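Order-wise, the sequence lines are chains A and B. Residues 78 to 585 (our numbering) are what the first sequence spells out, left to right. Residues 78 to 585 (our numbering) are what the second sequence spells out, left to right. Heads up, the beta-carbon is just placed ideally off N, CA and C, and yes, glycines get one too. Bear in mind the structure is a predicted one, so any value in this text is a computation, not a measurement. First the structure, in the form of structure tokens, and then the observations on it.
2 protein chains.
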Amino acid sequence: MTRQAPLPATAFAPLTLRRLGIDTRDEPVVYMRRGCHVCKFEGFEAKSRVEVWRGGRRVVATLHVMEPSLIGLHEVGLSEAAWRALGGADGDQLRVAHPAPTRSFSAVRAKIFGSPLTPEGVAGIVGDIVAGRYRDIELAALITACSGARLDLAEMVALTGAMIDAGQRLRWNADIVVDKHCVGGLPGNRTTLLVVPIVAACGLLIPKTSSRAITSPAGSADTMETLAPVRLDLATMRRVVERESGCIVWGGAVNLSPADDLLIRVERPLDLDSDGLLVASVLSKKIAAGSNRVLIDLPVGDSAKIRSPEAAAALGAKLVTVGAALGLAVRTIVTDGSQPVGRGIGPALEAFDVLAVLQNAPGAPDDLRQRALTLAGAVLELGGRAAPGAGRMLAQQVLDNGSAWRKFEAICEAQGGMRVPPRARHTHDICARQSGRVVAVDNRRLAGVAKLAGAPKSPAAGVAFHAPLGTEVAPGQSLLTIHADSPGELAHARAYAEAQAQLISIQD
Amino acid sequence: MTRQAPLPATAFAPLTLRRLGIDTRDEPVVYMRRGCHVCKFEGFEAKSRVEVWRGGRRVVATLHVMEPSLIGLHEVGLSEAAWRALGGADGDQLRVAHPAPTRSFSAVRAKIFGSPLTPEGVAGIVGDIVAGRYRDIELAALITACSGARLDLAEMVALTGAMIDAGQRLRWNADIVVDKHCVGGLPGNRTTLLVVPIVAACGLLIPKTSSRAITSPAGSADTMETLAPVRLDLATMRRVVERESGCIVWGGAVNLSPADDLLIRVERPLDLDSDGLLVASVLSKKIAAGSNRVLIDLPVGDSAKIRSPEAAAALGAKLVTVGAALGLAVRTIVTDGSQPVGRGIGPALEAFDVLAVLQNAPGAPDDLRQRALTLAGAVLELGGRAAPGAGRMLAQQVLDNGSAWRKFEAICEAQGGMRVPPRARHTHDICARQSGRVVAVDNRRLAGVAKLAGAPKSPAAGVAFHAPLGTEVAPGQSLLTIHADSPGELAHARAYAEAQAQLISIQD
């Protein structure tokens, strides 16, 4: 948004900046007065795309037109997102002009009509996305065109490469740099916060950048943020990893694969995930973070993101092939995705599970512990720190003897200081109406309850899940507790949960 | 947007309406104060989707959050689009709640991932679109998922049927009701304004509803609007047709196939047209307007919407098959789409061409006249008003003897009174740099110049084209004149035209 470029030839006399204090979230909006001379000269009207310049900084924004009572004739009002992009203060001079056409969108259009994406086409698309030139509807069209099975391996390699090139790229003083990733879809599966300290405690470099939730109630970055700062800049992330061998930071703050973060902004409300975008998203982040050996966890279950072993094998093959084409050794591991992991679903509730495992607390969720040991063992073997078959044992030692917990505390301190996760203000129990045994759990609907309760936006919100498969329940026994920060969200999540007969299936 | 429905259970205490006077075009936006109790209670934040109720009227809108200096604590501010949907005045009581989830989007998601659209799925989608429940990014995803060759015949039939059912449907006291349509892509091809009066002058019923431009510099409704009102309600349209046998009105105002108009809102900025959406769009409008025999003009050319005779045949077959499944007899005609028709490109400039032909003026564009006669002749044969092969002769008689012109004047008067099309304030000639013969014309780039000049938003804007294929030109001779209402648009269109070497190709 802030590159230097010459002012377009048609740019008109300057207008005066006015920061209006309107929060439009991530969408830059500018406000001009009805009948203002620049609108007349340029033919602008409401919802026109305009390019606004303050010195060498620029932003492409949507125009809203205000009545004369709200804004002066020579003023241009900025929404908070537009102001973040341009900086400055009231009274500064701005110029407003027609933005250059988004030429790269013709490559998206060609893809929609059946032509494969070329490396040049993809580079243009990703460059324009990072420059803020894509409207949300254009991002939605791109995401849709790449969803389903519509990207072939060459397109995935091109997209991944373009996404790496569009941002920063880290390099480390080590031959082996490992990483792990889970493709998600499994509520509460917060193994990252266990694997990183175990692996780092064994001395392997693991510079982990995590996403915030895309379509789930919590991403690892959301959960970690309840325990320590995750919005680190690149220099701070480097210092943390050099001191502690590992980190768990939000990828969006370090500008690694920035196009991915912009795509996620639209993927999330559309609730669309696709193999091709997933491969490019995951691998571009790992390569940009400087890792060269990565373990990818593929949970399989009826209501997980991956529904069958065949789908996991197909996705795994794409990850391995695309990774290899870009110099990254990928190993995949298929795990059980039939039900949530641990008890908590939602940032803070998942953090409490992580703390219990790290501290070897009595009653710590054993399923989370076992998964973390399996994955950490595989990473230790992949990184050459343990012989094949000996990784899990090493991981368990490091967890049992407290080294992993001390390493986690040290990483939190290095990232800016450890925090206590928040507790929600309102809770409500959803109880069994009959006695019997839990025979099925719908991950998607359970995630839906947690999201309606406010997760991940409200970090304390979510679901505490008490009824894993096989649990014998009596009528009136709590199956799950909804946690919410506002009564409206609590009511909303509760109404939804009570209407979903398939949420948790109980048989006599 | 205005159906009666019970208030959702979580709706909170009312807020006070304040019409803010912010023009956000077609997107309803509401403004609430940072920290207001409803936002806290419901967990709303900037860009949340909210449902706002005033009595029985409701609208789904996007929330923008304002600083306390701009709005009161118990107020909810409305953009002009939100106010149009809700009505009312400052001080009225509104309720704001979470909108019901857009359940039908799961059918779009399934389509993206390869499952065909079902009649039930499509009915849900179209109903939610008409109820204002789809966000622009969701419309963009739907349009993309239906683009390319991704809709089969059964899906097109289902989509067309659902689009008819979602709006009003006209019935006429006549066994035969004809219509004509051109799939567009050919600048200046304004035959509708000639065919309708010719056919109506012969006594056939032709209740024509036209679109505004989708991706072109002018639609027939835009051109007609420079000559007479086109925003007629259904009762007025009925009176015009009962009196004059024909009309040319804007389809969007009569609520025939309203989903189509909402889709076009997003198709247009994406510049995406697809066979499946085109079939549903065209046929749903014709059937809803009550016609049962329709002629469809398919212009073919290198830079027209349809590029090859094969593509025209494929699209024609879809139109015939889907029409037949819904009781509509469709005949298609393939025409030359290698260059613009007539001289004008843009609403008013095209209207001057139409008037010249209707008035048999010396120098009237003969290509436009010939095309109109061919099409009108085919409609007269299709409607049983002329024997096969005799339609063109009848059409020519009616045009030559002035009946068509008198009928056109009568239709304009019946629609609310004839007007003189406007002239643009600024013009600029693009001249030949060499001598030679015009051997190729790029319709898309020519349309691009007209759009940059302000068409169709500024009705007087566009291009007067002076160099049809075969014209011998000398250096400095004008090839086209750009017409614009603002100097910024003129400069913009001129810069683009001068940079396009392929716009008009001249050979020695």
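Residues from the stretch 518-546 of chain A in contact with chain B, defined by Cβ distance under 8 Å: Gly531, Lys534 and Ser535
Unbroken alpha helix (DSSP H) run spanning Ser183(A), endpoints: Phe182 to Ile189
Whole-number beta carbon distance between Ala184(B) and Gly168(B), since they are thought to touch under 8 Å: The Cβ separation is near 41 Å, so there is no contact.
Proximal residues to Asp443(B) (C-beta, below 8 Å), its chain only, five neighbours per side dropped: none
Tyr573(B) - DSSP class collapsed to helix/strand/coil: helix
Any 3 or more C-beta pairs closer than 8 Å across the stretch 448-465 of chain B and the stretch 410-424 of chain B: yes
Per DSSP, cross-strand counterpart(s) of Tyr108(A): His141(A) and Gly154(A)
Within chain B, the residues that Met143(A) reaches when beta carbons sit closer than 7 Å: Gly98 and Ile99
Enclosing alpha helix (DSSP H) for Trp482(A) [first to last residue]: Ser480 to Ala491
Under 8 Å by beta carbon: chain B residues contacting Ile383(A): Within chain B, no residue comes near Ile383(A); the closest Cβ sits about 13 Å away, beyond 8 Å.
Cβ of Ala221(B) within 7 Å of any chain A Cβ: The sequence as given places Thr at residue 221(B); Ala does not occur at that position. So yes, Thr221(B) belongs to the interface.
Alpha carbon of Arg212(B) to alpha carbon of Val136(B), nearest angstrom: 12 Å
Cβ-based neighbour list, Met78(B), same chain, cut-off 6 Å, excluding 5 preceding and 5 following: For Met78(B), the predicted model reports a pLDDT of 35, less than 50, meaning its position is unreliable; a value from the coordinates is still stated below. So the list reads Val136, Ala162 and Gly209, once near-sequence residues are dropped.
Per-residue DSSP class, three states only, for Lys285(A): strand
Length of the line joining the Cα atoms of Lys363(A) and His505(B): 54 Å
Short CB-CB distance (under 7 Å) between Ser192(B) and chain A: no
Three-pair Cβ contact test at 8 Å for the stretch 525-535 of chain A versus the stretch 285-301 of chain A: yes
Val515(B) vs Ile583(B) beta-carbon contact at 7 Å: yes
Helix, strand or coil at Val497(B) according to DSSP, with G and I counted as helix: coil
For Lys484(B) and Ala278(B), believed in contact at Cβ under 8 Å, the rounded distance: 4 Å
Buried or exposed (CB count within 10 angstroms, at least 16 for buried), Ser146(A): exposed
At least 3 beta-carbon pairs within less than 8 Å: the stretch 302-314 of chain A vs the stretch 334-348 of chain A: no
Contact residues within the stretch 325-356 of chain B, judged by C-beta distance below 9 Å to chain A: Val343, Pro346, Leu347, Asp348, Leu349 and Ser351
Three-pair Cβ contact test at 8 Å for the stretch 539-556 of chain B versus the stretch 472-492 of chain B: no
Which of helix, strand or coil DSSP assigns to Val115(A): helix
CB contact below 7 Å: His569(A) versus chain B: yes
In chain order, each alpha helix (DSSP H) run of at least 4 residues that lies wholly inside the stretch 406-436 of chain A: 424-435
Chain-ordered neighbours of Lys117(A) on chain B, where CB pairs are closer than 7 Å: Ser563
N- and C-terminal bounds of the alpha helix (DSSP H) containing Ile202(A): Pro196 to Val207
Bridge partner(s) assigned by DSSP for Ala517(A): Ser582(A)
Proximal residues to Gly423(B) (C-beta, below 6 Å), its chain only, five neighbours per side dropped: Pro294, Ala295, Ala527, Ala532, Ala538 and Gly539
Under the three-state DSSP convention, the category Leu97(A) falls into: coil
Beta-carbon proximity check, Leu150(B) vs Arg110(B), cutoff 7 Å: yes
Opposing strand residues paired with Pro294(A) [DSSP bridges]: DSSP lists no partner for Pro294(A).
Test item: CB-CB of Asp374(A) and Cys223(A) under 7 Å: no
Beta-carbon spacing of Leu236(A), Ala357(A) below 7 Å: yes
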